[in-house]
Amino acid sequence: MLRAKRNNVQPKKKTPGETAAAKAYAKTHGVCRGGIDKDDAIPTELEVRLDMNAENEGLLTFVQSTTCRRAVWAAAYECNPPDASLRPTGVLCCDICDPSLLDRTRPGPLPLADKTKAPRKGKLDLEVTKKLEIWRMDVIERDYALSTLASAAIMDDTIIALVSHFGRLPFAELELLLKPQWIWWDIYGKELDSYLKILPLREAKEKGKKARRKPGASRVEGGPEQLNSGFQLKQLKVMVPGPLGNTPYRNQISFHHYSFGDGEMDADEHQAGPSSSASTVIPVAPQFYMGTFSDYMPDTPLAPIPPLHAHHGRKRRRTGNSP
Numbered sequence: 001m002l003r004a005k006r007n008n009v010q011p012k013k014k015t016p017g018e019t020a021a022a023k024a025y026a027k028t029h030g031v032c033r034g035g036i037d038k039d040d041a042i043p044t045e046l047e048v049r050l051d052m053n054a055e056n057e058g059l060l061t062f063v064q065s066t067t068c069r070r071a072v073w074a075a076a077y078e079c080n081p082p083d084a085s086l087r088p089t090g091v092l093c094c095d096i097c098d099p100s101l102l103d104r105t106r107p108g109p110l111p112l113a114d115k116t117k118a119p120r121k122g123k124l125d126l127e128v129t130k131k132l133e134i135w136r137m138d139v140i141e142r143d144y145a146l147s148t149l150a151s152a153a154i155m156d157d158t159i160i161a162l163v164s165h166f167g168r169l170p171f172a173e174l175e176l177l178l179k180p181q182w183i184w185w186d187i188y189g190k191e192l193d194s195y196l197k198i199l200p201l202r203e204a205k206e207k208g209k210k211a212r213r214k215p216g217a218s219r220v221e222g223g224p225e226q227l228n229s230g231f232q233l234k235q236l237k238v239m240v241p242g243p244l245g246n247t248p249y250r251n252q253i254s255f256h257h258y259s260f261g262d263g264e265m266d267a268d269e270h271q272a273g274p275s276s277s278a279s280t281v282i283p284v285a286p287q288f289y290m291g292t293f294s295d296y297m298p299d300t301p302l303a304p305i306p307p308l309h310a311h312h313g314r315k316r317r318r319t320g321n322s323p
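Take the sequence shown: its letter number 20 is residue 20 in UniProt numbering, and every next letter is one higher.
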């Protein structure tokens, strides 16, 4: 049975020259007009031909027009050409004939990023939630007494929960928090701020920065009081395969031995201090060793350190021929 091949033809990617030509064409047909930069020069390119049978009904020609837009309308809907003498006084024609019309729809400058620190979100205050529900009910009964809308139309439960979580905030931070998502802020924002001042809200706290460990900082078991004065500690985590019996330890090493048997894992800690004698204690059935190598560089000669000893967290179950 033959299977139809899927049509995985990807759209042809435009070359840099084609992309540049498209941008130049858009600019010469007024794509930059009405923007913040006030690049409102009247297009000088030829008028796009009006296709009466096109699906867009002349919209493409209207948008890219380089002449009077009212004339494009008149031609598309088969009306009489526009007559300026019949136009009421003070009524302007279009942005091609009078570019000052673009100032009525020109966007404002982009707002700068607010560097205000976000407040810390706390626990939901149920008492404040009830008070805000009463407040929104009073507002809708006062301002929209004949309306059939519910009180949630003034402030929905999401906004109430948000205010209850963050507690008491300065007006600027409250505006930053609510204005983007509460459509009534411009009307009821100041009234809400005044109402919140009489409520028993907790004081909001700024988010604190998490403390970071300094690079190279090490952790010593038992605390830093175990280090003698004049000693510097360098720490290196090591993994050594196989037993380390009959090996002299010149530096202090803390090993964690893991052995696996009958579904159990036993951990023993062995510490060895500087000694010329060889280590004779060997863990049973070792699989691998993980530990910390601590290199002490003394300013004075080292004092004697007790020989190798072992600490067992719990009894190890013997398996096989283990001693």
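Backbone N, C-alpha and C fix where the C-beta goes; we use that ideal spot for every residue, glycine too.
Buried/exposed call for residue i, threshold 16 Cβ in 10 Å
i, result
"MET155", "buried"
"VAL91", "exposed"
"LEU177", "buried"
"ASP125", "buried"
"ARG136", "buried"
"LEU110", "exposed"
"GLY167", "buried"
"ALA172", "exposed"
"LEU149", "exposed"
"LEU86", "exposed"
"SER174", "Position check: residue 174 holds Leu in this sequence, whereas Ser was assumed. With 16 or more Cβ atoms within 10 Å of its Cβ, LEU174 is classed as buried."
"ALA303", "Interpretation of ALA303 is limited by its pLDDT of 49, a score under 50 that renders its predicted location unreliable; no figure is taken from the coordinates."
"LEU146", "exposed"
"LEU192", "buried"
"PRO301", "Reliability fails at PRO301, whose pLDDT of 48 lies under 50, so the model's placement of it is uncertain and no value is given."
Residue nearest to residue i in terms of C-alpha spacing, selected from the options
i, options, result
"ILE96", "GLY30, ASP143, ASN56 and LYS13", "GLY30"
"TRP73", "THR129, GLU57 and ALA26", "GLU57"
"LEU169", "ALA153, LYS197, TYR77 and TRP185", "LYS197"
"ILE36", "LYS131, GLY108, TYR188 and CYS79", "GLY108"
"LYS131", "ASP157, ASP143 and ARG106", "ASP157"
"PRO99", "LYS13, GLU78, ALA152 and ARG69", "ARG69"
"TYR195", "ALA75, GLU133, GLU141 and SER151", "GLU133"
"ILE42", "MET52, ASN53 and LYS27", "LYS27"
"ALA76", "LEU60, CYS93, MET52 and LYS190", "MET52"
"LYS38", "ARG106, SER151 and LYS190", "ARG106"
Supposed close pair residue i, residue j - CB separation, criterion 8 Å
i, j, result
"ALA71", "PRO82", "6 Å"
"ARG33", "LEU102", "6 Å"
"VAL139", "LEU199", "Between LEU199 and VAL139 the Cβ distance is about 15 Å, and since that is not below 8 Å, they are no contact."
Original post:
Would you call the segment 39-51 and the segment 59-75 touching, i.e. three or more CB-CB distances under 8 Å?
Top reply: They touch, by the three-pair rule.
Report the residue ranges of all alpha helix (DSSP H) runs contained in full by the segment 36-77; include only those spanning at least 4 residues, in chain order. 59-63 and 69-76
(Q) Counting beta carbon pairs with one atom in the segment 156-166 and one in the segment 178-197, are three or more of them shorter than 8 Å? (A) yes
Where in the segment 147-185 do unbroken runs of the beta strand (DSSP E), each at least 3 residues long, occur, reported from the N-terminal end onward? Taken in chain order, the whole beta strand (DSSP E) runs of length 3 or more contained in the segment 147-185 number zero.
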